[in-house]
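A short worksheet on the structure shown next.
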Amino acid sequence: MLPRPRGVEAGWRRGKSVTFEPVVLFFLLGLAGGLMKTDTKLPGALYDTLSIFLLLAIGLKGGVELAKQPVGSVLFNGLLIVLAGAATPLVAFPVLRKLGRLSRPDAASIAAHYGSVSVVTFSVGVTFLSRAQLDYEGFMIVFLVLLEMPALVIGVLLARYGVGEVRWGKLLHEVLLGKSIFLLSGGLIIGYIAGPGGIKPLDLLYFDLFKGVLALFLLEMGLVASSRLADLKTYGPFLVGFAVIMPLVLGAGGAVMGWALGLSVGSTVLLSTLYASASYIAAPAAMRIAVPEANPALSIGASLGVTFPFNIFIGIPVYHWMAETIHRIGG
Amino acid sequence: MAARTQKLITVVCESMLEADLTREIVSLGAAGYTVIDARGLGSHGMRSGAWGKEGNIQLEILCDEPVGQKIIDHLKRNYDKDYGLLIFSSDVERHSA
Chain A
102 MLPRPRGVEA
112 GWRRGKSVTF
122 EPVVLFFLLG
132 LAGGLMKTDT
142 KLPGALYDTL
152 SIFLLLAIGL
162 KGGVELAKQP
172 VGSVLFNGLL
182 IVLAGAATPL
192 VAFPVLRKLG
202 RLSRPDAASI
212 AAHYGSVSVV
222 TFSVGVTFLS
232 RAQLDYEGFM
242 IVFLVLLEMP
252 ALVIGVLLAR
262 YGVGEVRWGK
272 LLHEVLLGKS
282 IFLLSGGLII
292 GYIAGPGGIK
302 PLDLLYFDLF
312 KGVLALFLLE
322 MGLVASSRLA
332 DLKTYGPFLV
342 GFAVIMPLVL
352 GAGGAVMGWA
362 LGLSVGSTVL
372 LSTLYASASY
382 IAAPAAMRIA
392 VPEANPALSI
402 GASLGVTFPF
412 NIFIGIPVYH
422 WMAETIHRIG
432 G
Chain Z
369 MAARTQKLIT
379 VVCESMLEAD
389 LTREIVSLGA
399 AGYTVIDARG
409 LGSHGMRSGA
419 WGKEGNIQLE
429 ILCDEPVGQK
439 IIDHLKRNYD
449 KDYGLLIFSS
459 DVERHSA
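Protein chains in written order, with the working numbering: chain A, 102 to 432; chain Z, 369 to 465.
Written out as structure tokens, the structure reads:
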């Protein structure tokens with residue numbers, strides 16, 4: 102296990118959140134800008150550029166970490182982690198169907214969003230850890246890549262079970278060769294080949310500027326979320342409650358799993374964050390193709406309007422607390 | 369060269385449909401098409417285009433009437449129910465070759 106920085110522990114004991122990550126304030130700024138109808142708007146091309154940067158930077162970071170550490174026993178653990186992630190929609194789906202009384206396509210689509218993962222939430226988790234001076238294993242980024250897809254496929258199966266056909270070829274192309282998996286894996290491979298020394302000349306762009314770019318991206322997410330908040334009334338209290346409780350349940354599952362598999366505290370936080378996060382980039386595109394009759398306003402509204410802000414402000418510090426607690430109790 | 373009367377078919381839809389629609393209209397016989405990023409208000413609410421996932425496109429196809437009818441029938445049959453396309457057409461005079 103990695104040593105825990107004393108300052109952070111002491112801060113938590115004093116009840117102070119020394120690990121508050123100011124970068125998330127940019128999300129609030131965007132939200133405020135959108136709600137006050139300022140003319141703040143990021144051009145679409147910049148949004149695309151920023152997302153390419155984030156995906157490559159996260160991939161490179163993971164690849165460099167992987168090159169430093171032996172991959173060893175990761176395979177078996179990885180299989181468990183991915184299987185558990187793929188099963189997430191199976192937990193969410195009956196809740197949405199029975200308690201939420203949502204239609205089959207809507208419930209399946211939302212379940213798929215919550216089973217898949219969010220790269221930006223993960224990025225905020227990574228910045229949170231560096232501020233808390235907690236290390237994490239590089240292979241966590243491999244899970245970011247691996248966890249994105251299976252839940253989407255399960256979601257489509259849930260929507261289509263016994264009703265209608267699936268255009269698998271199109272769906273798999275969208276999911277496997279979508280920008281996010283392609284660039285994350287590409288970055289991962291390049292980072293791994295280059296190693297810490299070889300990547301040095303790129304540090305300035307990809308690692309030093311990472312937080313600044315994340316800030317801009319969060320500003321944009323705030324602007325987009327502000328246009329979704331007005332829809333909150335139409336989702337009803339059930340969906341809002343679901344969007345808050347589901348990540349907590351999944352995050353707790355991640356904490357138990359991370360501890361049981363012997364991950365460090367930092368990696369456990371990231372695993373909780375991955376399980377708790379809901380996709381709002383890859384999943385909407387895939388669901389729109391594979392389950393077009395599902396209402397995208399419901400799933401994007403819940404994942405981006407509620408779960409994303411919940412996770413970056415409250416969720417990640419809570420998952421940190423969960424990880425610390427279970428490692429302290431469980432040893 | 370004398371002007372030739374053709375159909376101008378205009379389709380406004382979610383930008384994520386671009387790859388599929390353009391491939392299909394070409395296979396139905398269209399010689400070409402033009403795609404323009406679009407935003408606006410319609411029966412599916414405000415599409416601001418501020419976010420990649422929320423973008424719309426306007427697809428324009430200039431073709432002869434039979435091909436145009438095939439394209440319109442195809443789009444209505446396969447996309448109208450779930451994606452709510454806006455489709456309209458008009459007669460235009462084509463001056464270039």
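Cβ atoms here follow ideal geometry from the backbone N, Cα and C, with glycine treated the same way.
Original post:
To which residues of the same chain is residue 210/A closer than 7 Å at the C-beta, ignoring the five residues directly before and after it?
Top reply: The residue given as residue 210/A occupies position 109 in the first sequence. So the list reads 256, 260, 388, 392, 395, 400, once near-sequence residues are dropped.
Original post:
Beta-carbon of residue 401/Z versus every beta-carbon of chain A: anything under 8 Å?
Top reply: Position 33 of the second sequence, counting from 1, holds the residue named residue 401/Z. No, residue 401/Z lies away from the interface with chain A (no Cβ there is under 8 Å from its Cβ).
Subject >> Nearest-angstrom Cα separation, counted from residue 234/A out to residue 375/A >> reply: As a working note, residue 375/A is residue 274 in the first sequence. As a working note, residue 234/A is residue 133 in the first sequence. Rounded to whole angstroms, residue 375/A to residue 234/A spans 19 Å at the Cα level.
Subject >> Residue closest to residue 251/A, alpha-carbon to alpha-carbon, out of 432/A, 323/A, 216/A >> reply: As a first step, residue 251/A is located in the first sequence; it is residue number 150 there, counting from the start. When only C-alpha atoms are compared, the closest one is 216/A.
Original post:
Less than 8 Å separating the beta-carbons of residue 378/A and residue 218/A?
Top reply: Translated into the one-based positions of the first sequence, residue 378/A becomes position 277. Translated into the one-based positions of the first sequence, residue 218/A becomes position 117. For residue 378/A and residue 218/A, yes; Cβs fall inside 8 Å.
Subject >> residue 456/Z, enclosing beta strand (DSSP E) - first and last residue >> reply: For the purposes of this step, residue 456/Z is identified with residue 88 of the second sequence, where counting begins at 1. Start and end: 454 to 462.
Subject >> Neighbourhood of residue 432/Z by C-beta, 8 Å cutoff - its chain only, sequence neighbours within 5 removed >> reply: Residue mapping note: residue 432/Z aligns to position 64 of the second sequence, counting from 1. Closer than 8 Å at Cβ, skipping near neighbours: 374, 375.
**OP:** Give, in chain order, every residue of the segment 241 to 270 of chain A whose Cβ lies closer than 7 Å to some Cβ of chain Z.
**Re:** none
**OP:** With DSSP as the reference, label residue 438/Z as helix, strand or coil.
**Re:** By 1-based counting over the second sequence, the position of residue 438/Z is 70. Reduced to three states, the DSSP call for residue 438/Z is helix.
Subject >> Contact list for the segment 440 to 464 of chain Z against chain A, Cβ threshold 9 Å >> reply: 447, 449, 450, 451
Original post:
Can you give the Cα-Cα distance for residue 204/A and residue 222/A, rounded to whole angstroms?
Top reply: As a first step, residue 204/A must be located in the first sequence, where it is residue number 103. As a first step, residue 222/A must be located in the first sequence, where it is residue number 121. Straight-line Cα distance between these residues: approximately 28 Å.
Subject >> Close Cβ partners of residue 424/Z (< 8 Å) along its chain, the five nearest in sequence each way excluded >> reply: As a working mapping, residue 424/Z is identified with position 56 in the second sequence. If we look at residue 424/Z and ignore the five residues flanking it on each side, its Cβ neighbours are 380, 381, 382, 383, 405, 406, 407, 408, 415, 417.
Original post:
Using the beta-carbon of each residue, which ones in chain A are nearer than 8 Å to residue 410/Z?
Top reply: Taking the first residue of the second sequence as position 1, residue 410/Z is located at position 42. None at all; the shortest Cβ gap to chain A is about 14 Å.
**OP:** Determine the chain Z residues that contact residue 410/A at a beta-carbon separation under 7 Å, and present them in chain order.
**Re:** In the first sequence, counting from the first residue as 1, residue 410/A sits at position 309. Simply none; closest approach about 16 Å.
**OP:** Step through the CB atoms of chain A and report whether any lies within less than 8 Å of the CB of residue 423/Z.
**Re:** The residue given as residue 423/Z occupies position 55 in the second sequence. So, interface residue.
**OP:** Please confirm if the segment 296 to 314 of chain A is in contact with the segment 155 to 163 of chain A, defined as three or more CB-CB distances below 8 Å between the two stretches.
**Re:** yes
Original post:
Is residue 406/Z helix, strand or coil when you go by DSSP?
Top reply: Position 38 of the second sequence, counted from the first residue, corresponds to residue 406/Z. The answer is strand: DSSP assigns residue 406/Z an E or B state.
Original post:
Applying the criterion that 16 or more other CB atoms from any shown protein chain within 10 Å of the CB defines a buried residue, is residue 329/A buried or exposed?
Top reply: Within the first sequence, numbered from 1, the residue matching residue 329/A stands at position 228. Buried, by the Cβ-count rule.
Original post:
Does residue 114/A get closer than 8 Å to chain Z when you measure Cβ to Cβ?
Top reply: Taking the first sequence and counting its residues from 1, one reaches residue 114/A at position 13. Unreliable placement is indicated for residue 114/A, whose pLDDT of 43 sits below 50; no coordinate value is reported for it.
**OP:** Using a Cβ-Cβ cut-off of 8 Å, state whether residue 239/A counts as contacting chain Z.
**Re:** Counted from its first residue, the first sequence places residue 239/A at position 138. So, not an interface residue.
Original post:
Candidates 457/Z, 385/Z, 464/Z: which alpha carbon is nearest residue 438/Z's?
Top reply: Taking the second sequence and counting its residues from 1, the one referred to as residue 438/Z is at position 70. Here the closest residue by C-alpha is 457/Z.
Original post:
For residue 139/A, which of helix, strand or coil comes out of DSSP?
Top reply: The residue you call residue 139/A lines up with position 38 of the first sequence. Of the three classes helix, strand and coil, the one that applies to residue 139/A here is coil, per DSSP.
**OP:** Would you identify the three-state DSSP class for residue 412/A, choosing helix, strand or coil?
**Re:** Taking the first sequence and counting its residues from 1, the one referred to as residue 412/A is at position 311. In this structure, residue 412/A counts as helix in the three-state DSSP scheme.
**OP:** Look at residue 414/A and residue 125/A and say whether their C-beta atoms are less than 8 Å apart.
**Re:** Stepping through the first sequence from its first residue, residue 414/A is reached at position 313. Stepping through the first sequence from its first residue, residue 125/A is reached at position 24. Yes, the Cβ-Cβ distance between residue 414/A and residue 125/A is below 8 Å.
**OP:** Within its chain, find whatever has a CB closer than 8 Å to the CB of residue 314/A; leave out the 5 residues flanking it on each side and keep chain order.
**Re:** Position 213 of the first sequence, counting from 1, holds the residue named residue 314/A. Excluding positions up to five away in sequence, the list reads 151, 154, 155, 158.
Original post:
Is residue 359/A near residue 368/A, with beta carbons less than 8 Å apart?
Top reply: Here residue 359/A corresponds to residue number 258 of the first sequence, with the count starting at 1. Here residue 368/A corresponds to residue number 267 of the first sequence, with the count starting at 1. Yes. Within cutoff.
**OP:** Take residue 424/A and list the residues in its own chain whose beta-carbon comes closer than 7 Å to its own, dropping the five residues that flank it on each side.
**Re:** What you label residue 424/A is simply residue 323 of the first sequence in a count that begins at 1. The residues are 356, 359, 366, 369, 370, 373.
Original post:
Mind checking whether the beta-carbon of residue 406/A lies closer than 7 Å to any heavy atom of the ligand GTP?
Top reply: Absence of the ligand GTP from the depicted structure is noted, as is the absence of any ligand whatsoever, leaving it without description.
**OP:** Please determine, among 432/A, 325/A, 296/A, the residue with the shortest C-alpha to C-alpha distance to residue 168/A.
**Re:** Looking up residue 168/A in the first sequence gives position 67. Comparing Cα positions, the closest option is 296/A.
Original post:
What is the DSSP secondary structure of residue 245/A, counted as helix, strand or coil?
Top reply: Against the first sequence, residue 245/A aligns to sequence position 144. Note: residue 245/A maps to helix in three-state DSSP.
Original post:
Which residues does DSSP pair with residue 424/Z in a beta bridge?
Top reply: Within the second sequence, numbered from 1, the residue matching residue 424/Z stands at position 56. Partner(s): 382/Z, 406/Z.
**OP:** Measure the C-alpha to C-alpha separation of residue 45/A and residue 461/Z and round it to an integer number of angstroms.
**Re:** Chain A is shown from 102 up to 432; residue 45/A falls before or after that span and cannot be answered.
Original post:
Which of the residues in the segment 383 to 400 of chain A, read from start to end, lie with their CB under 7 Å from any CB of chain Z?
Top reply: 385, 386, 389, 393, 394
**OP:** Compare the beta carbon distance of residue 426/A and residue 312/A with 8 Å and say whether it is the shorter of the two.
**Re:** If you number the first sequence from 1, residue 426/A lands on position 325. If you number the first sequence from 1, residue 312/A lands on position 211. Not closer than 8 Å, so no.
Subject >> residue 165/A and residue 300/A closer than 8 Å at C-beta >> reply: Taking the first sequence and counting its residues from 1, one reaches residue 165/A at position 64. Taking the first sequence and counting its residues from 1, one reaches residue 300/A at position 199. In this structure, residue 300/A lies closer than 8 Å to residue 165/A by Cβ.
Subject >> Whole-angstrom C-beta distance between residue 352/A and residue 416/A, which should lie under 8 Å >> reply: Locating residue 416/A in the first sequence gives position 315, where the first residue counts as 1. Locating residue 352/A in the first sequence gives position 251, where the first residue counts as 1. Right, the Cβ-Cβ distance comes to about 6 Å (below 8 Å), so this counts as a contact.
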